[in-house]
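Number of protein chains: 2
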Amino acid sequence: MGKNKVTFDDIAKYTNFSKTTISRYFNNPDSLTVKNQEIIAQALIDLDYQENKLAKVLANGKSEFIGIIIPNLFLHYYAEMLNQILKTYETFGYKFLVFVSTDNEEAERKYIQELLAYKIEGMIILSHTIPSKELAESNIPIVTIEREDKYVNSVNTDNYMGAVQATSLLAKSNCDILLHINSDVHETTPSYGRIAGFRDICREYSIEHELILRNLGNSYHETVNCIQEVFGYIKKKYPGKNKGLFMSNDTHANIMLNLIFREYGMLPGEYRIIGFDDSPIAEEAIIPISTVGQQIEKIAYEAVALLVEQMNEQKKRRPKPQNGVIHKKITPILIRRETTE
Amino acid sequence: MGKNKVTFDDIAKYTNFSKTTISRYFNNPDSLTVKNQEIIAQALIDLDYQENKLAKVLANGKSEFIGIIIPNLFLHYYAEMLNQILKTYETFGYKFLVFVSTDNEEAERKYIQELLAYKIEGMIILSHTIPSKELAESNIPIVTIEREDKYVNSVNTDNYMGAVQATSLLAKSNCDILLHINSDVHETTPSYGRIAGFRDICREYSIEHELILRNLGNSYHETVNCIQEVFGYIKKKYPGKNKGLFMSNDTHANIMLNLIFREYGMLPGEYRIIGFDDSPIAEEAIIPISTVGQQIEKIAYEAVALLVEQMNEQKKRRPKPQNGVIHKKITPILIRRETTE
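These protein sequence lines map, in sequence, to chains A and B.
Going by our numbering, the first sequence opens with residue 1, and the numbers climb by one from there.
Going by our numbering, the second sequence opens with residue 1001, and the numbers climb by one from there.
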């Protein structure tokens, strides 16, 4: 296309500088005076010059690309996380090559090979497919978010602290029995902290409690059926008791609220509910749902910042090897709405 | 990093082929016998060779990059559209460089310059900021989705047909008066078809109707207040009448449903509601909401397919100039749930 035909030669002729000077402008602009930088910048506009960043990448190895693998964008949590990661372009200038995981290890290895072939400088991994041990071997700066992270750097919500906040709020809401409903999360996953935090606080303050850990389905309809069963079980087991329900996320909290609301035409005082995430559904529910809000903007920013730090280290002549892995934790924020007191 | 040090020389030595043969393997593999291709492929694995696609791009101009500018990922519609676009990697092999719009024209022009500097082969634009006339001048294949598209190719939902489906369903649901509540969408925007379709069907079948077009707020809280006002207005103006409400999207339909449900403890037969989009909120509402489902997967696929067609044309020695612009329309699907009969 026409625009790309402007060469260093053309710019040199137009400005009366040498080609070496033009080249220095692109590769080390501060070696020129501010005035000469301005003359060349103006010439680029006059000549309608289009930079070829790829050529520059090959010359200096700095692609300014970060690769992302995200599990899906159906869950608002991931969509908003990607949104906030992409927005860090304004701060750090890195561009993002994005892949959506298909939960298939082989496919994901192929994505990583593709990303490496494009000379990305670092990766942010949110998908759960490939073990962190294998990720660490890819020999490139990596930060993971909310997944198993034993061998790689990560930024996660402080899930344990979030569970402590949620459980304490329910305990203060005049409940006789506290229940945490979750899938049977593995201990190496950050969100296991929600289970541990609930259990520890209940034990510490001798609160009657039950952990209901089971497969809650893989589609919305399955999940509705699973939570309907849990609701039936709770109703039968704890009649007349004030029940505090700590749901593992806002989608599940909303399903439980709808089941109760449709049965009673309201949320009876006998049921208190709190979710996790602060997804839009918590606010948009028939009654706004109390929740533990993840600071998605902050998590995204910290993840990119941590990655940039490592990528900058890699650009040094003798990069320092990292001393152990870094796991940053971001404190969540308790949001009190109408389903707790 | 160590892995990149393997050169064509190393591969040639390892396989006993000439460097020219190795080069042909990368640039025109079909010029080698299948057996020789396999020998080289195995050597690449043995030597842990990492392809440098950037070098290849500079040589042949095919970056396999598509640039995307998307307005936000807060709305599920955009998140799911991006999801489905990214998934076309499995079919077409194109990689995606993604920017989130900040609704700022200057910023968005900068994104486009960045994308062009990375030799993207085409763009998919969902943000509304830059007029299609200016986009068309960027001299690169472009497809837009659900935005003003006079001068560029586009793939959109058939919004008019969707409105016809929604209005017809309400008309059959025993309603005395039909109302369409929307913001005052400009006629050049594809979603204006929702207003036109509603109005035309009501006129054609002489159904009593009213268009309520007004600013419905820029945040969830503002929107709740605006729709609360609309609810008050309707209640007062049409007492005792069976009211069919066609809301401009599912988020608005859910807000209206919640307002009515909280007032009556149920959805009285006097109110029928239908939304648009088939977002998760339509299914997750206190009563599952009828809606006009956009075929997001199909729209995304058709958009990328149309772009690939143009990009392939650009790779020919003498690309044919396109004869006028193409506007593809994808028929939406009526989804009947519990808020209509």
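All C-beta atoms in this analysis are idealised placements derived from N, C-alpha and C, irrespective of residue type, glycine included.
7 Å Cβ cutoff, residue i in contact with chain A
i: Gln1294(B); result: no
i: Val1057(B); result: yes
i: Leu1086(B); result: yes
i: Lys1095(B); result: yes
Cross-chain neighbours of residue i in chain A, by beta carbon under 9 Å
i: Leu1082(B); result: Leu73, Ala79, Leu82, Val98, Val100
i: Tyr1089(B); result: Phe99, Val100, Tyr111, Glu114
Residue i (DSSP reduced to helix, strand or coil)
i: His1209(B); result: strand
i: Asn104(A); result: coil
i: His327(A); result: strand
i: Gly1269(B); result: coil
i: Thr291(A); result: strand
i: Asp1277(B); result: strand
i: Ile130(A); result: coil
i: Lys1241(B); result: coil
i: Ser1154(B); result: strand
i: Gly1193(B); result: helix
i: Leu178(A); result: strand
i: Val143(A); result: strand
i: Phe17(A); result: coil
i: Gly2(A); result: Annotation note: pLDDT 39 at Gly2(A) (below 50); position unreliable, no value reported.
i: Lys172(A); result: helix
i: Lys235(A); result: helix
i: Leu1097(B); result: strand
i: Leu334(A); result: strand
i: Ile1070(B); result: strand
i: Gly1217(B); result: coil
i: Ile40(A); result: helix
i: Ile1260(B); result: helix
i: Gly1122(B); result: strand
Closer than 8 Å at the beta carbon, the chain A residues around residue i
i: Gln995(B); result: The requested residue 995(B) does not occur in the structure, where chain B is confined to residues 1001 to 1341.
i: Asn1312(B); result: Correct list: empty, because the minimum Cβ distance to chain A is about 16 Å.
Under 7 Å from the C-beta of residue i: neighbouring residues of chain B
i: Gln50(A); result: Leu1116, Ala1117
Residue i at chain B interface by Cβ criterion, 7 Å
i: Val325(A); result: no
i: Lys320(A); result: no
i: Lys315(A); result: no
i: Ser18(A); result: no
i: Met1(A); result: Any reading at Met1(A) must be qualified, since the residue scores a pLDDT of 37, below 50, and its modelled position is unreliable; no value is offered.
Cross-chain neighbours of residue i in chain A, by beta carbon under 7 Å
i: Lys1053(B); result: Ala117, Tyr118
Proximity below 7 Å, CB of residue i to CB of residue j
i: Thr1157(B); j: Pro1332(B); result: yes
i: Leu73(A); j: Leu1126(B); result: no
i: Ile1142(B); j: Met1161(B); result: no
i: Glu1148(B); j: Ser1132(B); result: yes
i: Asn1060(B); j: Val1325(B); result: no
i: Ile1286(B); j: Glu1338(B); result: no
i: Gly1342(B); j: Ile1120(B); result: A question about residue 1342(B) goes unanswered here, because the residues of chain B that appear run from 1001 up to 1341.
i: Asn159(A); j: Ser183(A); result: no
i: Met1247(B); j: Gly1269(B); result: no
i: Leu179(A); j: Ile227(A); result: no
i: Glu108(A); j: Ile130(A); result: yes
i: Ser279(A); j: Thr340(A); result: no
Chain-ordered chain B contacts of residue i [CB-CB under 8 Å]
i: Tyr301(A); result: Going along chain B, no residue has its Cβ under 8 Å from Tyr301(A), so there is no contact; the nearest lies around 14 Å.
Selection of the region 259-286 of chain A by Cβ proximity to chain B, strictly under 9 Å: Under the 9 Å Cβ criterion, the region 259-286 of chain A contributes Phe261, Arg262, Gly265, Met266, Pro280, Ile281, Glu283, Glu284, Ala285, Ile286.
When Cβ atoms are compared, which residues of the region 228-258 of chain A fall closer than 9 Å to chain B? When C-beta distances to chain B are compared with 9 Å, the residues of the region 228-258 of chain A below that value are Thr251, Asn254, Ile255, Leu257, Asn258, in chain order.
Listed in chain order, which residues of the region 211-228 of chain A have Cβ atoms closer than 8 Å to some Cβ of chain B? Contacts with chain B (Cβ-Cβ distance below 8 Å) from the region 211-228 of chain A involve Tyr220, listed in chain order.
Could you run through the region 1140-1162 of chain B and flag, in chain order, every residue whose CB is less than 8 Å away from some CB of chain A? Per Cβ criterion, the list reads Ile1140.
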